[in-house]
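Enquirer: Pasting a structure here, questions to come.
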Amino acid sequence: MRGVSDAWTGPVLVTGTDSGVGKTILTAAVAVAAQAAGLRVSVVKPAQPGLPDGAVSDVDIVRALAAPAAARTIATYPEPLSPLAAARVAQVEPLELYAVVDTVREQAEQHDVVLVDGAGGLLVPMGVRPSGEPWTVADLAVSLGAPAVVVARAGFGTLNHIALTLEALSRRAVPAGVVLGAWPAEPELQHWANLTDLVDDLVGVLPDGAGAMEPGVFGRSAPGWLTPSLHGVLDDWRAWAENID
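Residues in the sequence shown are numbered from 69 upward in steps of one, following the numbering used here.
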């Protein structure tokens, strides 16, 4: 694994190769596993685009599945755009990088693990620096000195997306591990091939439909999807993948 230590504490960035790959469910799973290990967990969502009034947010989902000690969203926007574009369309001030850094560090003073759930992929424009230049989740990881979990699709085409994301993190000296999201109950050759090719970088595999589980079942199951780096107990990928149903 690329700079992955045995157990991540403090701020941990959760990003993905795309939208809809399972970042929020992974955030909930890590929160469950860390709390089962006796750690206090906070979840911070810097920006939540695509949230009209009354809609369920990513933080709401994490609270329902994992009940972390603290969970908050810093900024919400109604349009499903990058956070910077969504702020512009809504005619509100964009997120300022160091305001987010300060919020995460404040939470880190009170909690053992702070999971920072990004929006979209690693290089999506999140807001602006004091200079007015855009910043990304990669910039946030560098500013916090935090590792990153990259959540990716399990099937065909994922290897290129993962490699590009890991390369961008490596260039910034950000430790990173990979989680395959939505692992199917009946995996095909492409899924097994990806699992084999990524085994040195993997820190977790999420079963398809995990987010729809009853919270009690989710809580009992989540540590078994994650390696000790993410406070889980998983150490045999093939045995896990062959028995997820």
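Beta carbons are placed, not taken as given, at the ideal position from N, Cα and C, and that holds for glycine.
Between Val-129 and Thr-92, which are expected to be in contact by the criterion C-beta below 8 Å, what is the C-beta distance as a whole number of angstroms?
Expert: Before going further, note that residue 129 is Ile rather than Val in the sequence given. About 5 Å; that satisfies the 8 Å criterion.
Enquirer: Over what stretch of residues does the alpha helix (DSSP H) that includes Arg-288 continue unbroken?
Expert: Segment 283-289, the alpha helix (DSSP H) holding Arg-288.
Enquirer: Please determine if the region 206-222 and the region 145-154 are in contact, where contact requires at least 3 C-beta pairs separated by less than 8 Å.
Expert: No, the region 206-222 is not in contact with the region 145-154.
Enquirer: DSSP on Val-169, reduced to helix/strand/coil?
Expert: It is helical.
Enquirer: The beta strand (DSSP E) with Leu-81 in it runs from where to where?
Expert: Leu-81 -> beta strand (DSSP E) spans 78-84.
Enquirer: Using the beta-carbon count (16 or more within 10 Å), is Leu-257 buried or exposed?
Expert: Exposed, by the Cβ-count rule.
Enquirer: Please tell me whether Leu-298 and Val-271 are closer than 8 Å, where the distance is taken between their beta carbons.
Expert: Yes, they are a contact pair.
Enquirer: Nearest-angstrom Cα distance between Ala-158 and Glu-201?
Expert: Ala-158 and Glu-201: Cα-Cα distance of roughly 19 Å.
Enquirer: Just to confirm, is the Cβ distance from Gly-223 to Ser-87 under 8 Å?
Expert: Taking 8 Å as the Cβ cut-off, Gly-223 and Ser-87 do not qualify as a contacting pair.
Enquirer: Grab me the residues of Ala-216's own chain with a C-beta within less than 7 Å of its C-beta, minus the 5 sequence neighbours each way, in chain order.
Expert: Correct list, in chain order: Leu-81, Thr-83, Ala-209, Leu-237, Val-242 and Ala-244.
Enquirer: Express the C-alpha separation of Ala-206 and Val-98 in angstroms, rounding to a whole number.
Expert: Cα-Cα distance, rounded: 20 Å.
Enquirer: Would you mind sorting Val-89 into buried or exposed? The rule is 16 or more other CB atoms within 10 Å of its CB.
Expert: When all chains shown are included, Val-89 counts as buried.
Enquirer: Could you give the DSSP three-state label for Met-69: helix, strand or coil?
Expert: For Met-69, the pLDDT reaches just 49, beneath the cut-off of 50, and the residue's location in the model is therefore unreliable, although a value from the coordinates is still provided. Note: Met-69 maps to coil in three-state DSSP.
Enquirer: Say whether the region 98-113 touches the region 180-195, bearing in mind that this needs 3 or more beta-carbon pairs closer than 8 Å, one atom from each stretch.
Expert: Flag = yes, the region 98-113 and the region 180-195 touch.
Enquirer: For Pro-198 versus Glu-161, is the C-beta distance shorter than 8 Å?
Expert: It is not a contact, given that the beta carbons lie outside the stated cut-off.
Enquirer: Mind checking which residues open and close the beta strand (DSSP E) that includes Asp-185?
Expert: Where Asp-185 is concerned, the enclosing beta strand (DSSP E) stretches over 181-189.
Enquirer: Tell me whether the beta-carbon of Ile-230 lies closer than 8 Å to the beta-carbon of Val-247.
Expert: The answer is no: Cβ separation not under 8 Å.
Enquirer: What number of angstroms, rounded off, separates the C-alpha of Arg-318 from the C-alpha of Met-281?
Expert: Coverage of the chain is limited to positions 69 through 313, which leaves residue 318 absent and any answer about it impossible.
Enquirer: Suppose you measure from the CA of Gly-287 to the CA of Ala-105; what does that come to, to the nearest Å?
Expert: Cα to Cα, Gly-287 sits roughly 12 Å from Ala-105.
Enquirer: Going by other Cβ atoms of all chains shown within 10 Å of its Cβ, with 16 needed for buried, is Ala-123 buried or exposed?
Expert: Answer is exposed; the Cβ neighbour count stays below 16.
Enquirer: Thinking Leu-119 and Ala-96 are a contact (beta carbons under 8 Å), I'd like their distance in whole angstroms, please.
Expert: Not confirmed; about 18 Å, so no contact.
Enquirer: Terminal residues of the continuous beta strand (DSSP E) containing Leu-302?
Expert: That residue, Leu-302, is in no beta strand (DSSP E); it is neither H nor E in DSSP.
Enquirer: Taking Cβ to Cβ, would you say Val-127 is nearer than 8 Å to Ala-139?
Expert: Yes. Within cutoff.
Enquirer: Would you identify the three-state DSSP class for Thr-204, choosing helix, strand or coil?
Expert: Correct three-state label for Thr-204: coil.
Enquirer: Between which two residues does the beta strand (DSSP E) carrying Trp-293 extend?
Expert: Per DSSP, Trp-293 belongs to no beta strand (DSSP E) and is neither H nor E.
Enquirer: Check whether the Cβ atoms of Ala-250 and Asp-276 sit closer than 8 Å, and answer yes or no.
Expert: Cβ distance < 8 Å, so Ala-250 and Asp-276 count as in contact.
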